[in-house]
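This report concerns only the one structure given below.
2 protein chains.
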Amino acid sequence: MEINQIIDNIYPLPTKSKDLIKQSIIETKLPKGHILFKANKVETSIYFIKKGIARAYAYSDENEITFWFGKEGAPIVSMKSYVNNEKGYEDVELLEDCELYELKIEQLQKLFLEDIEIANWGRKFAELELIKSEERLIALQFNTATQRYLALLKNYPSIIQRVQLSHVASYLGITQVSLSRIRANIK
Amino acid sequence: MEINQIIDNIYPLPTKSKDLIKQSIIETKLPKGHILFKANKVETSIYFIKKGIARAYAYSDENEITFWFGKEGAPIVSMKSYVNNEKGYEDVELLEDCELYELKIEQLQKLFLEDIEIANWGRKFAELELIKSEERLIALQFNTATQRYLALLKNYPSIIQRVQLSHVASYLGITQVSLSRIRANIK
DNA sequence: TTTCGTTTTTATCATTTGTTAAATAGTTTC
DNA sequence: GAAACTATTTAACAAATGATAAAAACGAAA
Numbered sequence: 000m001e002i003n004q005i006i007d008n009i010y011p012l013p014t015k016s017k018d019l020i021k022q023s024i025i026e027t028k029l030p031k032g033h034i035l036f037k038a039n040k041v042e043t044s045i046y047f048i049k050k051g052i053a054r055a056y057a058y059s060d061e062n063e064i065t066f067w068f069g070k071e072g073a074p075i076v077s078m079k080s081y082v083n084n085e086k087g088y089e090d091v092e093l094l095e096d097c098e099l100y101e102l103k104i105e106q107l108q109k110l111f112l113e114d115i116e117i118a119n120w121g122r123k124f125a126e127l128e129l130i131k132s133e134e135r136l137i138a139l140q141f142n143t144a145t146q147r148y149l150a151l152l153k154n155y156p157s158i159i160q161r162v163q164l165s166h167v168a169s170y171l172g173i174t175q176v177s178l179s180r181i182r183a184n185i186k
Numbered sequence: 000m001e002i003n004q005i006i007d008n009i010y011p012l013p014t015k016s017k018d019l020i021k022q023s024i025i026e027t028k029l030p031k032g033h034i035l036f037k038a039n040k041v042e043t044s045i046y047f048i049k050k051g052i053a054r055a056y057a058y059s060d061e062n063e064i065t066f067w068f069g070k071e072g073a074p075i076v077s078m079k080s081y082v083n084n085e086k087g088y089e090d091v092e093l094l095e096d097c098e099l100y101e102l103k104i105e106q107l108q109k110l111f112l113e114d115i116e117i118a119n120w121g122r123k124f125a126e127l128e129l130i131k132s133e134e135r136l137i138a139l140q141f142n143t144a145t146q147r148y149l150a151l152l153k154n155y156p157s158i159i160q161r162v163q164l165s166h167v168a169s170y171l172g173i174t175q176v177s178l179s180r181i182r183a184n185i186k
């Protein structure tokens, strides 16, 4: 997905403000398997996915648990770094060869203080991520594993086609064995 | 908690900008049991809790599930209404007699477009809520019910003292019977 | 195609949580 | 304080999920 569309999908900006953001963006290609973010590190950039797919995961004891997937158009952000300049808890791994737009957090924050349009763009960006996070939270709290799997299948069919089921299972909050059983019961 | 402190805890504002927000705020007292937000309704205000405690809940089949608690200093927001002008899915009930600061969403949004300091305050507001939501999400996905209960006990002991256990149970994503068992096993 | 390594499914048993109902404890009202 | 109501705990059984191991299916590479 093109950067103009990604920016405007969040909050339509006048050309002048959009150019300010675009001047700070660098395009990069990175291979499948690349670890974009490392846990316990303050990340200095955010990214937008032009092409490809990625996941965020963290460790609980020995187990790695995936809690986010992103595809074309999605932002990749270590929220703790972005919001509070603190170490994040997540690794982010590219699951396919990816083309990314990189944006330095420091430069973006400077723009927030200089341009009211961009400040409102940043507000909307956080608000939209918040809505998504709330919806995930409620799905996790309200629905059974089977319902969550069916919802994922319906809303993000591409995830299940493009990603290992072990990652999907931990994303759903269950073991891979449990996901296999659910899939067997549905057919 | 006083409104100046609530505002500045989110993002410190110069007096002039803070006054603009405060001019739009009305103080209200409402009794225990009052339903502040109704599900399937577009809410037109957000609130901050000066004194008291509240919960947000929604229905899954017949069951009412609590997914948020707020006490002194916390914002009360129907995010779908606030962000997208859409119907929310939650009721909000006051669990004690409350003193609230009310702020019309429409007036705040006007300020976002006029004052860059307030726009950045609104950005920070969403960002901080986002961090909280992510932390809840991860706790729900990573931890067992027992761990989540212990964490609540540690981080928000006042909730468990001030709120019915049936609400706490649904907040933890388990039944009340299950919570009773967990409590019995811990002692 | 065959082989090797990885992913997914199946099987078995243990543990956790849900469901329903009854018992106990706690609160409010008269 | 007794009665009525509400909240919490306990009990018994059912259902869902976890853990471990083995089998089957799938993919990549020779």
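Protein chains in written order, with numbering that gives the first Met the number 0: chain E, 0 to 186; chain C, 0 to 186.
Idealized CB from N, CA, C, for every residue including glycine.
Check                                                                                                                                                                                                                         : Outcome
Please confirm whether residue 175/E and residue 164/E have their CB atoms less than 8 Å apart.                                                                                                                               : yes
Does the contact criterion of 3 or more C-beta pairs under 8 Å hold for the segment 111 to 122 of chain C versus the segment 9 to 18 of chain C?                                                                              : yes
Closest Cβ-Cβ distance between residue 34/C and chain E: below 8 Å?                                                                                                                                                           : no
Against residue 140/C, what residues of chain E qualify as contacts under a CB-to-CB distance less than 7 Å, listed in chain order?                                                                                           : 64, 66, 139 and 172
Determine the extent of the alpha helix (DSSP H) in which residue 153/E is found, giving its start and end residues.                                                                                                          : 144 to 154
Can you tell me whether DSSP reads residue 89/C as helix, strand or coil?                                                                                                                                                     : coil
At a CB distance below 8 Å, what residues from the segment 76 to 103 of chain C approach chain E? Give them in sequence order.                                                                                                : 78, 79, 81, 82, 83 and 88
Cutting at 7 Å between CB atoms, please list the residues of its own chain near residue 36/C, excluding the five before and the five after it.                                                                                : 42, 77, 87, 89, 90 and 91
Hey, does residue 61/E have any beta-carbon neighbour from chain C nearer than 8 Å?                                                                                                                                           : no
Only counting the same chain, and skipping five residues up and downstream in sequence, which positions put a Cβ closer than 6 Å to that of residue 47/C?                                                                     : 5, 74 and 100
Whether or not the segment 57 to 68 of chain C and the segment 149 to 168 of chain C are in contact is what I'm after, with contact meaning three or more pairs of Cβ atoms, one per stretch, closer than 8 Å; do they touch? : yes
Apart from the five residues just before and just after residue 173/E, which ones in its own chain have a Cβ nearer than 7 Å to its Cβ?                                                                                       : 144
Here's a check: name, in chain order, each residue in its chain whose Cβ is nearer than 6 Å to the Cβ of residue 121/C, leaving out the five neighbours to either side.                                                       : 111
So what does residue 109/C bridge to, in DSSP terms?                                                                                                                                                                          : Note: residue 109/C sits in no beta bridge, so no partner.
Could you work out which residues of chain C lie near residue 5/E, taking near to mean beta carbons separated by less than 7 Å?                                                                                               : Those do not exist, as residue 5/E stays about 18 Å from chain C at its closest Cβ, beyond 7 Å.
Taking the CB atoms as reference points, tell me whether residue 93/E and residue 51/E lie closer together than 8 Å.                                                                                                          : yes
For residue 136/E versus residue 139/C, is the C-beta distance shorter than 8 Å?                                                                                                                                              : yes
Per DSSP, what kind of secondary structure is residue 48/C in: helix, strand or coil?                                                                                                                                         : strand
Would residue 96/C pass as a contact of residue 31/C if the rule is Cβ separation under 8 Å?                                                                                                                                  : yes
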